[in-house]
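Below is one structure; the comments refer to it alone.
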Amino acid sequence: MRVLILGGTGYVGAAIRAAYAQKGHQVTVVARHPAREIPGVTVVSMDVLTGDLTGILSGMDVVVNAIGIIRERPHAGITFEAMHVTLVERLLEAMAAVGVNRLLHISALGTRPGAVSRYHQTKWRAEERIRQANGRWTIFRPSLVFGGHAPFFELLAQLTRLPVAPLPGSGQTLFQPVYRQDIARFLVRVTEDDTTVGQTYELGGPKRYTLTELYDAVARKARRHPTTKLPIPLSVMGVVASLSRWIPVPITPDQLTMLMEPNITDDRRWEKWVGPLTPFEADWD
544 MRVLILGGTG
554 YVGAAIRAAY
564 AQKGHQVTVV
574 ARHPAREIPG
584 VTVVSMDVLT
594 GDLTGILSGM
604 DVVVNAIGII
614 RERPHAGITF
624 EAMHVTLVER
634 LLEAMAAVGV
644 NRLLHISALG
654 TRPGAVSRYH
664 QTKWRAEERI
674 RQANGRWTIF
684 RPSLVFGGHA
694 PFFELLAQLT
704 RLPVAPLPGS
714 GQTLFQPVYR
724 QDIARFLVRV
734 TEDDTTVGQT
744 YELGGPKRYT
754 LTELYDAVAR
764 KARRHPTTKL
774 PIPLSVMGVV
784 ASLSRWIPVP
794 ITPDQLTMLM
804 EPNITDDRRW
814 EKWVGPLTPF
824 EADWD
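What follows is the structure, given as structure tokens:
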């Protein structure tokens, strides 16, 4: 099967790319600035917001959209609106033009009508564009993703090295981290399964954690004792986050909003294809 992956060099996309290639599929990856050649994979260098998508889509059997950003860079044209909504609109138009209609789309848990964060608002609008299209789509909404060098957990690991780690708010917000290899295996296995067409799956791991518990779990994985944590009032965190417009602070206002919202799900339908889910405490790459 010929598979085109947008964002196939990113954190989640790389795992998806490897899973398809391992199963013998012909994989083409589109990346804005590919850092290197990838054995067994065709790599196309293209800006997906300006390049000709019809050319690379021609002859493909399935398209995986794994492009998403968690932090905007407006000066470079990297915004939630552009990367989540405009990109999907361009992709759907190009797919229709060349007759490719199987789309697997990576969204995010928390995406919903009336979402508070701009991240989730644009993710929802992208989903709506897909649902309105005449195609064979499946949408996936993962919670926090772990495995390898997960950006969020790398940040937590850095903070656990401090004598006292800052804890936004009460630290009791619930999360349900999910292993990126489980996500990748799921996509590969449902690619040709028509029962998944028109479905939206929420992907959470087998266990829920508060933010405080995630700090401690990260410390244990690094074989360190749990870090002393200092709760920071949200009003103070909001001031710090607002500085992200001018200086590289670790969190933006939008990220802070999402960090205070529960990110959990009761959807366990995907275990039918994946089997027992990988817990955060397990040994993983």
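Using the numbering used here, the first residue of the sequence shown is number 544, and each one after it goes up by one.
We put the beta carbon where it would ideally sit given N, CA and C, even for glycine.
None of the values given here were measured: they were computed from a predicted structure.
Proximity to Ala708 [Cα-Cα], best of Val761, Thr739 and Pro749: Along the sequence shown, read from residue 1 onward, the residue named residue 708 stands at position 165. Nearest to Ala708 by alpha-carbon distance, out of Val761, Thr739 and Pro749, is Val761.
Where Leu592 falls: helix, strand or coil (DSSP): Counting from one through the sequence shown, the residue named residue 592 turns up at place 49. In the three-state reduction of the DSSP assignment, Leu592 falls in the coil class.
C-alpha distance - Thr703 paired with Thr770, whole-angstrom precision: Stepping through the sequence shown from its first residue, residue 703 is reached at position 160. Stepping through the sequence shown from its first residue, residue 770 is reached at position 227. Rounded to whole angstroms, Thr703 and Thr770 show a C-alpha spacing of 6 angstroms.
Leu773 (DSSP reduced to helix, strand or coil): Taking the first residue of the sequence shown as position 1, residue 773 is located at position 230. In the three-state scheme derived from DSSP, where H, G and I count as helix and E and B as strand, Leu773 is classed as strand.
Residues bridged to Trp816 (per DSSP): Taking the first residue of the sequence shown as position 1, residue 816 is located at position 273. For Trp816, which the question treats as bridged, DSSP gives no partner whatsoever.
Terminal residues of the beta strand (DSSP E) in which Pro711 lies: Translated into the one-based positions of the sequence shown, residue 711 becomes position 168. Val707 to Pro711 is the extent of the beta strand (DSSP E) around Pro711.
Min CB distance Gln719 to chain C below 8 angstroms: The structure shown contains no chain C, having only a single protein chain.
Contacting residues, own chain, Cβ-Cβ under 7 angstroms from Val731 (five flanking each side not counted): The count along the sequence shown starts at 1 and reaches residue 731 at position 188. Correct list, in chain order: Ala562, Tyr563 and Lys566.
Residues bridged to Pro685 (per DSSP): Reading the sequence shown from its first residue, position 142 is the one you call residue 685. DSSP, once it has assigned bridges, lists Leu746 as partnering Pro685.
Anticipated Cβ contact below 8 angstroms, Phe718 with Tyr752, distance rounded: Along the sequence shown, one-based indexing puts residue 718 at 175. Along the sequence shown, one-based indexing puts residue 752 at 209. At roughly 6 angstroms, the Cβ-Cβ gap stays under 8 angstroms, so Phe718 and Tyr752 are in contact.
Residue environment, Val502, which counts as buried when at least 16 other CB atoms sit within 10 Å: Residue 502 falls outside the range modelled here, since the chain spans only 544 to 828, and no answer is possible.
First through last residue of the beta strand (DSSP E) which encompasses Ile548: Here residue 548 refers to the residue found at position 5 when the sequence shown is read from its first residue. That run of the beta strand (DSSP E) goes Arg545 to Leu549.
Distance between His768 and Val628 (C-alpha atoms, nearest Å): Translated into the one-based positions of the sequence shown, residue 628 becomes position 85. Translated into the one-based positions of the sequence shown, residue 768 becomes position 225. If I take the Cα positions, the gap works out to 43 angstroms.
Identity of the residues DSSP links to Thr585 by a beta bridge: Taking the sequence shown and counting its residues from 1, one reaches residue 585 at position 42. Thr571.
Touching by the beta-carbon criterion (3+ pairs, under 8 angstroms), the stretch 796-812 and the stretch 776-786: By the C-beta criterion, the stretch 796-812 is judged to be in contact with the stretch 776-786, since at least 3 inter-stretch pairs fall below 8 angstroms.
Stretch pair the stretch 720-736 + the stretch 658-678: three plus CB contacts closer than 8 angstroms: Counting Cβ pairs under 8 angstroms, fewer than three are found: no touch.
Sequence ranges, alpha helix (DSSP H) only - wholly within the stretch 759-812, length at least 4: Listed in chain order, they are 777-785 and 796-802.
Identity of the residue in Gly690, Lys815 and Leu757 nearest Thr716 by Cα: Stepping through the sequence shown from its first residue, residue 716 is reached at position 173. Ranking Gly690, Lys815 and Leu757 by Cα distance to Thr716 puts Leu757 first.
The stretch 806-821 contacting the stretch 780-787, beta-carbon criterion three pairs below 8 angstroms: No, the stretch 806-821 is not in contact with the stretch 780-787.
Exposure label - Asn608; buried when at least 16 CB within 10 Å: Within the sequence shown, numbered from 1, the residue matching residue 608 stands at position 65. So Asn608 ends up on the buried side.
Backbone secondary structure at Arg728 - three-state DSSP: Locating residue 728 in the sequence shown gives position 185, counting from the first residue. Per DSSP, reduced to three states, the secondary structure at Arg728 is helical.
Pair within 8 angstroms by beta-carbon distance, Leu646 and Val606: Residue mapping note: residue 646 aligns to position 103 of the sequence shown, counting from 1. Residue mapping note: residue 606 aligns to position 63 of the sequence shown, counting from 1. The Cβ-Cβ distance between Leu646 and Val606 falls below 8 angstroms.
Enclosing beta strand (DSSP E) for Arg672 [first to last residue]: For the purposes of this step, residue 672 is taken as residue 129 along the sequence shown, with counting starting at 1. No beta strand (DSSP E) contains Arg672, which is instead part of the alpha helix (DSSP H) from Arg661 to Gln675.
DSSP beta-bridge partners of Phe696: The residue labelled residue 696 in the question sits at position 153 within the sequence shown. DSSP output for Phe696 lists no bridge partner at all.
Integer-rounded CB distance, given that Ile581 should sit under 8 angstroms from Val572: On the sequence shown, position 29 is the one that residue 572 refers to. On the sequence shown, position 38 is the one that residue 581 refers to. Taking the Cβ atoms as the reference, Val572 lies roughly 7 angstroms from Ile581, within the contact range of under 8 angstroms.
Integer Cβ distance of Thr821 from Tyr722, believed to fall under 8 angstroms: What you label residue 821 is simply residue 278 of the sequence shown in a count that begins at 1. What you label residue 722 is simply residue 179 of the sequence shown in a count that begins at 1. Here Thr821 really is in contact with Tyr722; their C-beta atoms are around 4 angstroms apart, less than 8 angstroms.
Cα-Cα separation, Tyr554 to Leu705: Counted from its first residue, the sequence shown places residue 554 at position 11. Counted from its first residue, the sequence shown places residue 705 at position 162. The straight-line gap from Cα to Cα measures roughly 26 angstroms.
Bridge partner(s) assigned by DSSP for Val607: What you label residue 607 is simply residue 64 of the sequence shown in a count that begins at 1. Val607 is bridged to Ile548 and Leu647.
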